[in-house]
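Keeping their order, the protein sequence lines are chains A and B. Going by our numbering, the first residue of the first sequence is number 1421, and it counts up by one from there. Going by our numbering, the first residue of the second sequence is number 21, and it counts up by one from there. Report on the following structure.
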Amino acid sequence: MTYSKDEFLKRLRTCLGALPESERQDLLEETASHLDDCAAQGEARLTEALAGFGTPENYARAFIEEARLRNALVSGSPGQLLLSVLAAAGRSVVAFAGFILISIGYLFAGTFFLLVVVELVLPAQTGLFTGPDVQPFALGIMAGDGPPPGTTEHLGPFMAPVMAVAGGVTTVLTLLLSRLVVAGLLKRH
Amino acid sequence: MHYKIRVMQDKDLLTAWKSQLRKGAAELAVLSLLGHRESYGLEILNALSRGSSFEVSEGSIYPLLKRLETSGKIRSRWVEAEDGGARRKYYSLSPEGEHLLGLMRAEWQRFRQDLSEMIDGVES
Chain A
1421 MTYSKDEFLK RLRTCLGALP ESERQDLLEE TASHLDDCAA QGEARLTEAL
1471 AGFGTPENYA RAFIEEARLR NALVSGSPGQ LLLSVLAAAG RSVVAFAGFI
1521 LISIGYLFAG TFFLLVVVEL VLPAQTGLFT GPDVQPFALG IMAGDGPPPG
1571 TTEHLGPFMA PVMAVAGGVT TVLTLLLSRL VVAGLLKRH
Chain B
21 MHYKIRVMQD KDLLTAWKSQ LRKGAAELAV LSLLGHRESY GLEILNALSR
71 GSSFEVSEGS IYPLLKRLET SGKIRSRWVE AEDGGARRKY YSLSPEGEHL
121 LGLMRAEWQR FRQDLSEMID GVES
């Protein structure tokens, strides 16, 4: 679909909604100034310029994706980092793979922390087990009647602290990974 | 048939290679232009379009300028038009950008010389 100058700017304003107001206003005014200059050179130049910008959606994405990655890196917030990678995942294999890896990382971290809580509530059924029925080992909760006969639990009273440390280390590593992915995506932009 | 496929592949390879070649070139071209004088988007685009190998458009020049500005290599200011027209956003090099331009220019000259010598050496 082809836009007129005003339609393009109106649509662009909507598409840039995620940017801070001042940045959006600045970009819109610069785009309008460019189109006005082209229009002054004739209809053909204006049409060429509008084609050059592409669709407002794509043009806006070039700024929003980058701003989102940048803000995420500055804030260091795990959620923002993850979301900014997810937003880029549709168009970048690196971002997609990164998103999967980061998600798995947090899933593991969450599981470790969950085991800390469960260990405090169900100490007998929670632990690191080995035995004839669990090969090569089982980490977690043996539901129902607890571990089958012949099973040994190895962590004992250390289960909760070990799981807390494992959760912490996994969280830090995953956060580090997400920062690396975001920084890498920014560099490729 | 085989020949046709070969031609297609060559065309694809050339396109991919050209895009690799261009990737860093537009950045150096913009910095070098701004090192020469302060300039606004359309003017930069027109200057770059004259050398047709850059293949820049509105859709790529402004994100590039934004990126350079965010990383502190260039800065911008709004200037009222003298003829009463629309305001324009002018870009200029920051000291950091000037430093980067110097490094990139030296690297480019070295690269161009090495490659020319290599190609000439092989072909003569």
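Each residue gets a CB set at the ideal place from its N, CA and C atoms; glycine is no exception. Note that the coordinates shown come from a computational prediction; the quantities given were computed from them, not determined experimentally.
Within 8 Å, strictly: CB atoms of residue i and residue j
i, j, result
"SER96 (chain B)", "LYS109 (chain B)", "yes"
"LEU120 (chain B)", "LYS93 (chain B)", "yes"
"TYR1422 (chain A)", "LEU1470 (chain A)", "Sequence inspection shows Thr at residue 1422 (chain A); the Tyr mentioned does not correspond to that position. Cβ atoms of THR1422 (chain A) and LEU1470 (chain A): closer than 8 Å."
"LEU1540 (chain A)", "ALA1580 (chain A)", "yes"
"VAL1514 (chain A)", "LEU1605 (chain A)", "yes"
"ALA1452 (chain A)", "ALA106 (chain B)", "yes"
"GLU78 (chain B)", "LEU88 (chain B)", "no"
"TRP128 (chain B)", "LEU53 (chain B)", "no"
"LEU113 (chain B)", "LEU68 (chain B)", "no"
"GLY1557 (chain A)", "THR1571 (chain A)", "This sequence places Phe at residue 1557 (chain A); Gly is not what is there. Against a cut-off of 8 Å, the Cβ pair of THR1571 (chain A) and PHE1557 (chain A) comes out as no contact."
Boundaries (first-last residue) of the beta strand (DSSP E) holding residue i
i, result
"TYR110 (chain B)", "108-113"
"GLY1547 (chain A)", "1546-1551"
"LEU144 (chain B)", "The sequence given here has Ser at residue 144 (chain B), not Leu. First-last for SER144 (chain B): undefined, no H or E at that position."
"PHE1557 (chain A)", "1554-1561"
"VAL99 (chain B)", "94-99"
Nearest residue (CA-CA) to residue i, options the options
i, options, result
"ALA1603 (chain A)", "A:SER1495, A:GLY1588 and A:THR1590", "A:SER1495"
"ILE1520 (chain A)", "A:ALA1492, A:ARG1488, A:THR1475 and A:VAL1601", "A:VAL1601"
"LEU34 (chain B)", "B:ILE139, B:GLY117, B:SER73 and B:ASP134", "B:SER73"
"TYR60 (chain B)", "B:GLY122, B:ARG70 and B:TRP98", "B:TRP98"
"ASN1478 (chain A)", "A:GLU1450, A:LEU1501 and A:ALA1508", "A:ALA1508"
"LEU1535 (chain A)", "A:GLY1510, A:GLU1468 and A:GLY1587", "A:GLY1587"
"GLU1443 (chain A)", "A:THR1475, A:PRO1556 and A:GLU1486", "A:GLU1486"
"GLY117 (chain B)", "B:GLN29, B:ASP32, B:ALA36 and B:HIS56", "B:HIS56"
"LEU1501 (chain A)", "A:SER1598, A:VAL1592 and A:SER1523", "A:SER1598"
"LEU1596 (chain A)", "A:LEU1493, A:PHE1516 and A:GLY1560", "A:LEU1493"
Residue i: first and last residue of the uninterrupted alpha helix (DSSP H) it sits in
i, result
"LEU1466 (chain A)", "1463-1473"
"TYR1526 (chain A)", "1513-1541"
Contacts of residue i in chain D (Cβ-Cβ under 9 Å)
i, result
"PHE1473 (chain A)", "Absent from the structure: chain D. Protein chains present are A and B."
State whether the stretch 26-46 of chain B contacts the stretch 1425-1436 of chain A, with contact taken as three or more CB pairs (one from each stretch) at a distance under 8 Å.
With the rule of 3 Cβ pairs closer than 8 Å, the stretch 26-46 of chain B does not count as touching the stretch 1425-1436 of chain A.
Quick test of the definition: if touching needs 3 or more C-beta pairs under 8 Å, does the stretch 1457-1466 of chain A touch the stretch 1567-1578 of chain A?
The stretch 1457-1466 of chain A vs the stretch 1567-1578 of chain A: no contact.
Would the stretch 1470-1482 of chain A count as touching the stretch 133-140 of chain B if we require 3 or more Cβ pairs under 8 Å?
Because the criterion of three Cβ pairs below 8 Å is not met, the stretch 1470-1482 of chain A and the stretch 133-140 of chain B do not touch.
At a Cβ cut of 8 Å, what residues of the stretch 1446-1469 of chain A count as close to chain B, listed as they run along the chain?
If you check each beta-carbon in the stretch 1446-1469 of chain A against every beta-carbon of chain B, the ones closer than 8 Å belong to ASP1446, LEU1447, GLU1449, GLU1450, THR1451, ALA1452, SER1453, HIS1454, ASP1456, ASP1457, CYS1458, ALA1460 and ALA1469.
Please identify, using Cβ separations under 9 Å, the residues of the stretch 1482-1507 of chain A that lie next to chain B, in order along the chain.
Residues passing the 9 Å Cβ filter: ALA1482, PHE1483, GLU1486, ALA1487 and ARG1490.
Near-chain B residues of the stretch 1422-1435 of chain A - C-beta to any C-beta below 7 Å
Within the stretch 1422-1435 of chain A, no residue has a Cβ that lies closer than 7 Å to any Cβ of chain B.
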